[in-house]
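*Asks:*
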Amino acid sequence: MSSSSSAPAPVTASAPSPVPEPLRVAIVGTGNIARFHAQALLAEPGRAALVAAVDVDPGALESFRSRHTIPRGYADLDRMLTAERPDLVHVCTPPGIHRAQVEACLGAGASVLVEKPPALSLAEAEKMAAAEGGDRGPWMATVFQHRFGSGALRLRALIDSGVLGRPLLATCHTTWFRPQEYFDLPWRGKWETEGGGPTLGHGIHQTDLLLALLGEWTQVSAVVRRQARDVETEDVSLARVDFASGAIASVVTSLLSPQEESRIRIDFERATVELAHLYGYGDDDWRLTPAPGFEEEITTAWEAGEHGVNSGHHSQIVQVLDALRAGSPPPVTSRDALSSLRLVAAVYASSFEQRPVTPADLAPGSPFHERMNGGRSL
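Under UniProt numbering, the sequence shown has 44 at position 44, and the numbering climbs by one with no breaks.
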């Protein structure tokens, strides 16, 4: 038997994983909302390079490019897609033209982050989702930034853990104010070009957050009204929403409320959690009230959760960029957006039909699948 022993195998250091290159990003539409997108992208130079902007208004385009130091501008989306080959396009145009622009971007191989509402109807949203590229992209995501603040993430984690008990009762109110002059733009306040009124165009942020927290809904009873504004669509809506968990919610959306507020309150078995803000929240906008006997347990769990990230475009855009650089579908997915649009469609359908509505009532073949108002007038 040999007394010699085998020499140990040499240890080799593994090569570091390559760092993904920044994504090439373009913005379509240079109105007010686009500035939030540009600011978020410019704050993340390691993740994104903002290479182009598109707008049919030459003056608006040049002003936007100059303000945000964007190297190239285009009047035509197709020309930009051909010339720039972006990885991601932010669609910040009026909702009536979202579908055509999103499908053009997806067809050119670019993923899309589209402003809310992503589509004018469930049928449109489904066709946009069908234009995605499958497991390897390109993908469509929708801006629902309230999901990404640390307060919402903390609450979702506590719901999942069971520490709060079952959700029982909720209120979800978007009570904002818009004067008649707001509707002077020719596409606003019209079913054909805006898809709906504030239930679709404004309150959808809060209702999307409510769905992200409480999950699947089962039935809606609602009324929509035109109370004060000279528009085709509603200016206020009220709905009762039943959830699969057994919780019920009151959902109110208004553009007639001089004291403006965005509010969600959920009463669980062991605590009440409230969020009050206007267009975006931070940690200080949340309030926790434990039920008697659960003060220490609930407060400890709440304080141990995520903190420090405000809701807003930046918080979602970072996650969109990171997902795409990792080759994954970005949040909020087309499936998630369809869920929120389906709830909005149910509010309109229930009001026009004057009866409770379930998800099955909104399937293809329903007039409210094709148009939010089902082709009817208020």
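Beta carbons are placed, not taken as given, at the ideal position from N, Cα and C, and that holds for glycine.
Reducing DSSP to helix, strand and coil, say where H68 ends up.
*Replies:* H68: helix per DSSP, three-state reduction.
*Asks:* Cα separation between L155 and I266?
*Replies:* Looking at the two C-alpha atoms, the distance is approximately 10 Å.
*Asks:* CB-CB under 6 Å to F268, same chain, minus the five flanking residues each way: which ones, in chain order?
*Replies:* L164, G165, P167.
*Asks:* I'd like to know whether the C-beta of V273 is nearer than 8 Å to at least one C-beta of chain C.
*Replies:* As a matter of chain content, chain C is missing from the structure shown, which is built from one protein chain.
*Asks:* Is the beta carbon of W217 sitting closer than 8 Å to the one on L343?
*Replies:* Their beta carbons are under 8 Å apart, which means W217 touches L343 by this criterion.
*Asks:* Under a three-way DSSP split, which group does P8 fall into?
*Replies:* Bear in mind that a pLDDT of 46 at P8, under 50, signals an unreliable position, so the number given afterwards is only what the model happens to contain. If DSSP states are grouped into helix, strand and coil, P8 belongs with coil.
*Asks:* Three or more C-beta pairs under 8 Å: does that hold for the segment 138–148 against the segment 289–305?
*Replies:* With the cut-off at 8 Å, the segment 138–148 and the segment 289–305 do not touch.
*Asks:* Note down, in chain order, each residue of its chain lying with its Cβ closer than 6 Å to the Cβ of F177, except the 5 sequence neighbours on either side.
*Replies:* Same-chain partners within the cutoff: S257, P258, E260.
*Asks:* Going straight from the alpha carbon of residue 383 to that of P367, what length do you get?
*Replies:* In this structure the chain extends from 1 to 378, so residue 383 is not present and cannot be described.
*Asks:* Go to F368, then tell me how far its beta strand (DSSP E) extends in each direction, as first and last residue.
*Replies:* Careful: F368 lies outside any beta strand (DSSP E), inside the alpha helix (DSSP H) at 367–370.
*Asks:* Taking the C-alpha atoms as reference points, what is the distance between H277 and I317?
*Replies:* Spanning the two alpha carbons is a distance of roughly 21 Å.
*Asks:* Thinking A129 and S328 are a contact (beta carbons under 8 Å), I'd like their distance in whole angstroms, please.
*Replies:* About 17 Å separates the two Cβ atoms, so there is no contact after all.
*Asks:* I'd like to know whether the C-beta atoms of L106 and M140 end up nearer to each other than 8 Å.
*Replies:* Their beta carbons are under 8 Å apart, which means L106 touches M140 by this criterion.
*Asks:* From the DSSP output, read off the bridge partner residues of T142.
*Replies:* According to DSSP, which records beta bridges pairwise, T142 is partnered with V114.
*Asks:* Determine the closest residue to A100 out of G109, K127, A75, with distance taken between C-alpha atoms.
*Replies:* Checked all of G109, K127, A75; the closest Cα to A100 is K127.
*Asks:* Out of G151, Y182, H98, which has the shortest C-alpha to C-alpha gap to L210?
*Replies:* Closest by alpha carbon: G151.
*Asks:* According to DSSP, is F243 part of a helix, a strand, or is it coil?
*Replies:* Three-state DSSP puts F243 in a strand.
*Asks:* Give me the Cα-Cα distance between S254 and T199, rounded to the nearest whole angstrom.
*Replies:* Rounded to whole angstroms, S254 to T199 spans 8 Å at the Cα level.
*Asks:* So which of Q354, R47, P95, P330 has the shortest CA-CA distance to E192?
*Replies:* Ranking Q354, R47, P95, P330 by Cα distance to E192 puts P95 first.
*Asks:* Can you say whether H307 is buried or exposed, counting buried as having 16 or more other CB atoms within 10 angstroms of its CB?
*Replies:* H307 comes out exposed.
*Asks:* So for P95, helix, strand or coil by DSSP?
*Replies:* Looking at P95 - three-state DSSP - the assignment turns out to be helix.
*Asks:* Can you have a look at P330 and say buried or exposed, based on whether 16 or more other CB atoms are within 10 angstroms of its CB?
*Replies:* So P330 ends up on the buried side.
*Asks:* Please work out which residues of its chain come closer than 6 Å, Cβ to Cβ, to V114, disregarding the five sequence neighbours upstream and downstream, and give them in chain order.
*Replies:* These residues qualify, in order along the chain: V91, H98, V102, T142.
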